[in-house]
Structure formats: C-alpha cells, structure tokens
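K.L.:
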Amino acid sequence: MTSVYETKYTLFNGIFLFSGSHTFILALTFVASIQALTPTHYLTRRDVERLKASLDRPFNDIEAAFYSIVGLSKLGVQVSDEQAACNFIKSNVDPSSVDSLFYAAQASQALPGCEVVISNETGELLLAAVSEDSSVNQIFHAVGALSGFGLPLASQEALSALTSRLSKEENVLATIQALQTASYLSQQADLSGIVEEIEDLVARLDDLGGVYLQFEEGLETTALFVAATYSLSDHVGTEPAMKEDQIIQLMNAIFSKKNFETLSEAFSVACAAGSLSQNRYHLPVIVVPDGPAAVSHHQPILRLQVTNVMSQPLTQAAVKLDHAKSASTKASVLHQMPFAVSEDIFELNFMNAKPASGYYDFSISVDGDSRLIANKVELKVKVSTEVGITNVDLSTVDKDQSIAPKTTRVAYPAKAKGSFTADSHQNFALSFQLVDVNSGAELIPHQTFVRLHNPKTGQEVVFVAEPDSKNVYKFELDTAERKTEFDSASGTYTLYLIIGDATLENPILWNVADVVIKFPEEEAPSTVQSKKLFIPKPEIQHLFREPEKRPPTVVSNTFTALILSPLFLLFILWIKIGANISNFSFAPSTIIFHLGHAAMLGLMYVYWTQLNMFQTLKYLAILGSVTFLAGNRMLAQKAVKRTH
Amino acid sequence: MSGAAGSGGGSVGSVVRRFLAEYSSGTASRLKVLDAYLLYVLLSGALQFGYCLGVGTFPFNSFLSGFISAVGSFILGVCLRIQINPQNKGDFQGISPERAFADFLFASTILHLVVINFVG
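Top line first, the protein sequences correspond to chains A and B. Under the UniProt record's numbering, the first residue of the first sequence is numbered 1, with each subsequent residue one higher. Under the UniProt record's numbering, the first residue of the second sequence is numbered 1, with each subsequent residue one higher.
(1) For A/Gln187, which three-state DSSP category applies?
(2) Along the alpha helix (DSSP H) that carries B/Glu98, what are the first and last residues, could you check?
(3) For a quick check, are the C-beta atoms of A/Gln305 and A/Val288 less than 8 Å apart?
(4) Could you check whether the Cβ of A/Thr588 sits closer than 8 Å to any Cβ belonging to chain B?
(5) Are the C-beta of B/Ala107 and some C-beta of chain A separated by less than 8 Å?
(6) Can you pull out the residues from the stretch 81 to 101 of chain B whose beta carbon lies closer than 9 Å to at least one beta carbon of chain A?
(7) Does DSSP put A/His542 in a helix, in a strand, or in coil?
(8) I'd like the list of long-range same chain contacts for A/Leu443, defined as Cβ closer than 6 Å, with 5 residues on each side in sequence excluded.
(9) Mapping the DSSP letters down to three states, classify A/Met351 as helix, strand or coil.
(10) I want to know whether the stretch 254 to 262 of chain A touches the stretch 233 to 243 of chain A - three or more CB-CB distances under 8 Å.
(11) Between the alpha carbons of A/Ser91 and A/Phe59, how many angstroms are there, rounded?
(12) Could you name the residues of the stretch 52 to 70 of chain B whose beta carbon sits closer than 7 Å to any beta carbon of chain A, in the order they occur along the chain?
(13) What residues in the stretch 7 to 38 of chain B have a beta carbon less than 7 Å from any beta carbon of chain A?
(14) How should A/Thr390 be labelled, buried or exposed, when 16 other C-beta atoms within 10 angstroms of its C-beta is the threshold for buried?
(15) Taking just the CA atoms, how far does A/Thr503 sit from A/His446?
(16) Between A/Ser332 and A/Gly358, is the Cβ-Cβ spacing less than 8 Å?
(17) Less than 8 Å between CB atoms is the rule here; does B/Ile116 satisfy it with respect to chain D?
(18) Residues of the stretch 575 to 586 of chain A with a CB closer than 9 Å to any CB of chain B: list them in chain order, please.
(19) Show which residues of chain B have a CB atom less than 8 Å away from the CB atom of residue 645 of chain A.
(20) Going by CA-CA distance only, name the one from A/Phe544, A/Ala107 and A/Val98 that's closest to A/Val79.
(21) Indicate whether at least one CB of chain A lies closer than 8 Å to the CB of B/Ser44.
(22) Cβ closer than 7 Å: which chain A residues qualify as neighbours of B/Leu111?
(23) At a CB-CB cut-off below 7 Å, which residues of chain B make contact with A/Phe559?
(24) Can you check whether the C-beta of A/Ile592 is within less than 8 Å of a C-beta belonging to chain B?
(25) Exposed or buried, which one is A/Gln180 when buried takes at least 16 other CB atoms within 10 Å?
(26) So is A/Leu509 buried or exposed if we call it buried at 16+ other beta carbons inside 10 Å?
(27) Any Cβ of chain B within less than 8 Å of the Cβ of A/Val461?
(28) Since A/Pro313 sits in a beta bridge, which residues does DSSP pair it with?
(29) Whether or not the stretch 610 to 626 of chain A and the stretch 11 to 27 of chain B are in contact is what I'm after, with contact meaning three or more pairs of Cβ atoms, one per stretch, closer than 8 Å; do they touch?
(30) Could you have a look at A/Leu26 and say whether DSSP puts it in helix, strand or coil?
(31) Take the Cβ of A/Tyr473 as the centre, count every other Cβ of all protein chains shown within 10 Å, and call the residue buried at 16 or more, exposed below.
(32) If you run the structure through DSSP and keep just helix, strand and coil, what is A/Gly193?
(33) Would you mind sorting B/Gly77 into buried or exposed? The rule is 16 or more other CB atoms within 10 Å of its CB.
(34) According to DSSP, is A/Val285 part of a helix, a strand, or is it coil?
(35) For residue 669 of chain A, return the contacting residues in chain B, with the cut-off set at a CB-CB distance below 9 Å.
(36) Return the CA-CA distance between A/Phe420 and A/Ala414, expressed in angstroms with no decimal places.
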C-alpha cells in the first residue's frame with residue numbers, strides 16, 4: 001500500500017523530470033525513495049548547552065516554571081536550584097485555575113521530593129473540568145493535573161469526553177493535546193481511536209523540498225507532535241505509523257532552529273529531543289567525523305562521532321564500514337571493516353589499506369539496536385599525501401636540431417646553476433615527473449604551473465605544464481610562439497614551478513632556474529609597462545550637452561521690433577487705398593461674429609501659453625460653432641444686400 | 001520692336017510704370033486691400049527667413065511655424081483673391097464671395113491652430 005507520502009514523493013519527481021520513458025523514471029524514483037535520507041540538522045553539544053541555558057532562567061510565573069523544569073528534565077538535567085523551584089511552585093499555584101494546577105502538577109512531578117498539597121475542592125474542580133463542555137485544552141490540563149497529583153481518574157469517561165470534544169475541534173494543536181491526554185489515561189481504556197489520529201496528523205504535514213516536514217502552524221507544533229506521538233506510542237505499546245524518512249524530515253525541521261524566541265518554543269524542542277533520544281521504537285543516529293574527514297600518513301585514523309539527536313554518544317553501537325570506494329574510479333578499496341571504540345569516538349585506521357591519494361566514498365552502517373534509524377551513512381573522505389618531484393631536466397633545444405640538446409638535471413629544492421637561453425635559434429624545455437613520496441605512484445595534481453617572472457619590469461607569465469602518456473610533464477618555451485604573452489620584452493626571467501592539489505599536504509613553489517629570453521627585434525618593443533590591471537584608470541570627464549548658440553539679446557529684440565514694421569506698412573497702405581469700416585452694420589449677428597472671432601484669436605494666445613490641444617479643441621468647438629452660426633447669418637445678410 | 005539692349009533699362013522701367021498705372025486704375029479697391037495684406041504677409045515671411053539665415057535655425061520649430069504661418073496665410077489670401085475677383089466669376093459658379101471669405105476664415109483658423117501648436 002503506497003502511503004500519501006510515497007505518492008507525493010513520486011509525483012514530485014515524476015512531474016519535475018522530463019518525459020523520457022516514464023516507467024524508467026518512476027522506477028528510478030522508487031529506488032531513490034527506498035534509500036534513506038541523511039539527517040541534515042541535529043542538536044550539537046553547543047546547541048544542547050544553549051537550549052539548556054535558554055530554559056534555565058529565573059521564572060516569573062508558574063507557566064514559565066513548568067516549561068523550565070519539565071523541559072530541562074527532558075534533556076536529562078535539573079534546574080539549578082530545586083528547592084527554590086519547589087517553593088516557587090507551592091507559593092504560585094492558583095487552585096482555581098485548571099491550567100495553573102496542570103503546570104504545578106507536572107513541574108512538581110519532575111522535581112524529586114516536591115509535593116504540592118491540594119484540597120478536595122481542587123480535586124473536584126479538576127474532575128468537573130473533564131467533561132464534554134470543556135475545550136480539549138482544558139481536558140488535557142485537567143487530566144494531566146490529576147495524573148500529576150496522583151488523584152484517581154475515570155479513564156473511560158475522560159476518553160469519551162475527549163473523543164466527542166475532538167470531533168468538534170478539528171485543528172492540529174487540539175489533536176496533539178488529545179494525544180498527550182491519552183498518554184495519561186489508563187491502558188485499559190480503548191485508546192486506539194486516539195492512536196489513529198497520529199496517522200491523520202502525519203498526512204497533514206507539509207513536505208518542504210523533500211528535506212523538511214512540518215506543520216504550517218510552525219516549529220513548536222511540530223515538535224510537540226513528535227513528543228506527543230512517542231509518549232503515546234510508548235504508553236500504548238504500538239509503533240507510531242511514521243516512516244523512517246518522515247522521522248528524519250521531522251528531525252531536520254525541528255532542529256533547524258537554534259535560537260528560540262519564547263520559552264514554550266524551547267520547551268517543545270527539548271521535549272522533541274528527549275523523546276527522539278529515548279523511546280521504544282525509533283532512535284535516529286547521527287554520524288559525524290571528529291574533525292575533518294581526512295587521513296594521511298601523519299594522521300592515518302578516521303575518527304567518527306556516533307550519537308543520538310542530542311549528541312549523546314551511542315557507545316553500545318557496532319559501527320562498521322560496509323565499503324570504501326574511490327570517488328574517481330569506483331574501485332573498492334576496503335570492505336566490511338569494523339570501527340574500534342576509543343572513549344566516545346569510533347576509529348578506523350584507513351591508511352592500513354594503502355589507498356592512493358584522492359577522495360573516497362565511505363558507506364558506514366551502525367547496528368546494535370533494532371530501534372536505530374538513519375543508520376546507513378555516506379561519507380566522503382579525503383586521503384592526502386606528499387608529492388615529490390623527480391627527474392627534473394632543463395634543456396635548450398636547438399630549433400634546427402643540428403646541435404644535440406644540452407640537458408641539466410636539477411634536484412628539488414636546489415636551483416640550477418647558470419642560466420639558460422631561449423632565443424630565435426633555440427627553445428627552452430623543461431621536463432619532470434611527480435610521484436607520491438609514500439607509495440611511489442605517479443601523481444597528476446590539479447595545478448602544475450610554470451611561472452616566468454621578470455624582476456626588472458614585474459612582468460609575470462604563467463603556463464601550464466601538461467603530462468604526456470607516460471605521465472612525464474613537459475614544458476617548452478618557443479620565443480616565436482610566445483612573444484605576445486611576454487609583450488616581446490627580452491631579459492632575464494626567473495622560472496618557478498608551482499605544484500598544488502587539494503590532496504597534497506606539501507604544495508610546492510620552487511625557483512628552478514634563470515632563463516634569458518631574447519625576442520626577435522622585428523617590431524620595436526615599446527617601453528614595457530607591466531600590465532597594471534588594478535590601478536585606477538584615467539578619469540572620464542563627462543561632457544554635458546552644450547546649449548545651442550543663440551544670438552545676443554540685442555539682435556533678437558531688434559528683430560522683434562523689425563517684424564512689426566510690415567504691419568505698420570499694411571495699415572498705411574490700407575488707409576491710402578481707402579479701406580474703411582463705414583459699412584459696419586450693428587446687427588446682432590455681426591457683433592456676435594466679431595466677438596466670437598476675437599475670442600478665437602484670444603484662445604490661440606491662451607493655447608500658446610497655457611492650454612493643451614484637447615482643451616483648446618474643446619473651447620474652439622464651442623466658440624467656433626457660435627462664430628460660424630453668427631458669421632453665416634451675417635454673410636447671408638451681406639449677400640442679400642449685395643444682390644439687391 | 002525697340003532695341004532690347006539699348007533701351008533695356010528704360011523698357012523695364014516703362015513696363016513697371018505702365019503696370020502700376022493699370023493696376024491702380026483697373027483693380028477694385030477690395031482687391032487692393034487684399035493685395036496690401038498679401039504684401040504684408042510676404043514681407044513678414046521674408047524677414048523671418050532672413051533672420052534665420054542670419055542667426056541660425058535654433059529653435060527650428062519656432063522658425064518653421066512662423067514661416068509656415070506666413071506662407072500658409074499668403075496662399076489662403078491668394079485663394080481668396082482669386083475667388084472674389086469679379087473677372088473670375090465664370091470659374092467659380094457656386095461660390096459667392098461671402099462663401100469664399102468664410103472658407104478663408106475657416107482655413108485660417110485651422111492653420112493658426114497648427115501653427116500655435118508647433119511654435120512651442
């Protein structure tokens with residue numbers, strides 16, 4: 001039967017991957033989901049100390065006292081001053097409040113030798129609170145208080161009240177409180193209905209990226225859920241219906257937060273940590289390397305810390321290396337080796353297997369207890385070594401190959417005596433081999449550079465030396481090919497060899513020799529400036545757009561006056577011709593027309609100064625239609641007058 | 001004909017004088033009024049153009065709008081003159097002088113609207 005979780009996981013992968021062959025991909029995801037997740041978050045020793053410190057605070061009310069005392073007891077420690085805590089509880093308990101009684105009862109139970117005396121009325125109050133009319137929260141507190149004070153309780157009635165109340169309050173927190181209440185009730189009552197709620201709650205968890213599983217209500221609710229589930233399961237004796245991956249995802253979510261804002265949040269995480277480290281069914285295992293996961297000849301032992309979620313070492317476990325494979329070649333180097341216990345650390349001397357340097361994938365399994373989960377761990381281990389340079393030959397090879405090459409052998413770390421010349425007739429060549437000092441095997445590190453440095457100009461050119469088929473590194477400097485890199489700057493260069501790799505413990509920077517390089521003088525080399533890439537560049541001055549050249553104001557003012565002169569000429573001519581307005585009839589249409597026309601001209605001026613086209617068109621439409629009608633009438637009258 | 005080379009200056013002068021005499025006697029005063037207006041517009045446009053040549057085209061849109069206003073007004077004035085000239089009555093049967101004047105006003109309004117928009 002595929003659970004909701006598996007369906008969701010498969011769907012997630014199925015949608016995400018491209019359609020190729022669906023069956024193949026689905027099969028792949030099934031395989032992937034069978035492999036267990038590795039926990040990403042847990043409480044380190046520092047986290048546990050921090051959690052204890054945040055709980056062990058002076059309390060100002062009984063609720064805070066409850067969180068502190070009970071939270072610390074779940075982590076396995078006591079409050080700093082137990083007697084003072086007990087007195088505080090006794091003096092601050094409010095016998096009329098069910099909540100206060102619950103806190104007092106549970107806290108006093110956690111403190112050894114602390115007895116809170118309560119009256120019969122208080123007992124009656126608590127029993128009355130266990131009914132269908134109280135909320136689940138009240139029922140939970142009442143039952144918890146009764147159980148904490150050791151008072152008798154009718155479990156079956158409490159259970160029926162709880163069940164009926166739970167069907168009305170369907171939220172997550174109420175269900176979790178119901179789980180916690182059921183763990184106080186007698187085992188004779190039929191608690192299976194409540195136990196089934198666990199599965200329903202698991203279905204309501206949100207999967208975040210396949211790594212975290214938590215309620216949308218938050219971290220505190222998730223942590224309380226885990227604590228309640230395990231306390232009920234231990235009480236009833238049935239394994240909680242949660243898969244291994246779900247438990248790990250819940251762990252990741254709960255222990256991802258290391259600083260707590262409220263005391264209740266810290267309390268919930270402490271309860272979850274306590275229940276995940278001590279319950280009858282599931283015990284998550286954390287395997288971390290003690291220090292870096294690296295071995296070498298100086299440090300041949302791989303050390304592992306195998307703990308529970310609270311970083312308490314599981315010394316009874318049997319830790320075994322299933323197999324160690326080389327990360328690059330996938331060849332198995334070691335298998336089925338047990339780890340030895342030394343105090344709280346599990347150790348294995350990996351160098352006994354004489355591995356070559358590089359990275360290895362370790363598959364480790366932790367056994368010894370049937371409750372262990374997340375007990376198959378994959379670890380990447382680095383094996384480092386030291387490199388030695390051998391057979392270093394420096395030679396000048398004649399281009400025409402008429403003269404035999406002169407070879408000089410140099411031993412690391414000495415420098416070659418004399419200098420070598422590379423010019424248009426001869427090339428300079430370098431060859432060497434790199435071996436593992438401890439095993440004698442040939443090495444191919446990541447960084448094998450030849451650096452030529454000109455001390456006078458500060459120029460530096462770096463080349464890569466490449467290995468040939470026999471793993472012999474060769475480098476040749478041909479002045480004709482390489483003159484661009486050197487900017488054709490002739491001179492004496494010091495030659496360095498740089499060897500480095502993540503798996504080498506002794507990276508090498510070796511001044512091998514001096515090389516005199518002479519470049520052909522075809523182009524006159526400009527004065528060499530060492531390529532200074534990181535000095536400030538010349539500042540760019542921003543050129544603002546220069547305003548257009550305008551004529552001086554005098555000129556434009558003169559012109560403005562000048563442009564009015566034709567107007568005067570017009571008036572003079574008109575007077576000379578004899579234009580007059582003696583025929584002006586004061587008919588209304590005439591007046592309206594002239595006014596309207598004048599207004600239109602005025603509108604043009606206003607348009608120029610203020611309005612936009614739309615407004616102008618609006619006014620123009622009004623004025624224009626008025627003027628048109630008046631003008632039409634006026635001109636008609638004129639026409640009539642003319643024809644008569 | 002009279003020798004063109006010898007009496008060239010004289011003939012131009014006499015042609016001009018004759019033209020002016022005929023113009024002042026033969027043209028209706030209404031048309032003369034309109035001609036004076038056309039002369040004004042012409043001078044106005046020429047002055048603007050001369051100024052632009054002198055001091056440069058910045059701002060170009062203002063120059064264009066002023067110049068086109070002058071040119072447009074001149075063209076509209078010429079159209080009006082053609083239409084109201086009694087000697088052209090045969091060509092413009094359906095258009096009375098009043099109608100021509102109304103057209104002139106309407107077109108001028110549109111021209112001025114565009115010019116004002118463009119002058120900036």
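A virtual CB, placed ideally from N, CA and C, is assigned to each residue, including glycine.
P.N.:
Straight from the coordinates:
(1) coil
(2) Pro97 to Val119
(3) yes
(4) As written in the sequence, residue 588 of chain A is Pro, which differs from the Thr given in the question. Not an interface residue.
(5) no
(6) Ser96, Pro97, Glu98, Arg99 and Phe101
(7) coil
(8) Val387, Leu434 and Asp436
(9) helix
(10) no
(11) 13 Å
(12) Val55, Gly56 and Phe58
(13) Ser29, Lys32, Val33, Ala36 and Tyr37
(14) exposed
(15) 9 Å
(16) no
(17) No chain D is part of this structure, whose protein chains are labelled A and B.
(18) Lys576, Ile577, Gly578 and Ala579
(19) Nothing about residue 645 of chain A can be read from this structure; chain A reaches only from 1 to 644.
(20) A/Ala107
(21) yes
(22) Within 7 Å Cβ-Cβ: nothing; B/Leu111 doesn't reach chain A, min ~11 Å.
(23) Tyr51
(24) no
(25) buried
(26) exposed
(27) no
(28) A/Thr307
(29) no
(30) A caution first: A/Leu26 carries a pLDDT of 48, below 50, which makes its placement in the model unreliable, though a value can still be read off. If DSSP states are grouped into helix, strand and coil, A/Leu26 belongs with the helices.
(31) buried
(32) helix
(33) buried
(34) coil
(35) No answer is possible for residue 669 of chain A: it lies beyond the span of chain A, which begins at 1 and ends at 644.
(36) 16 Å
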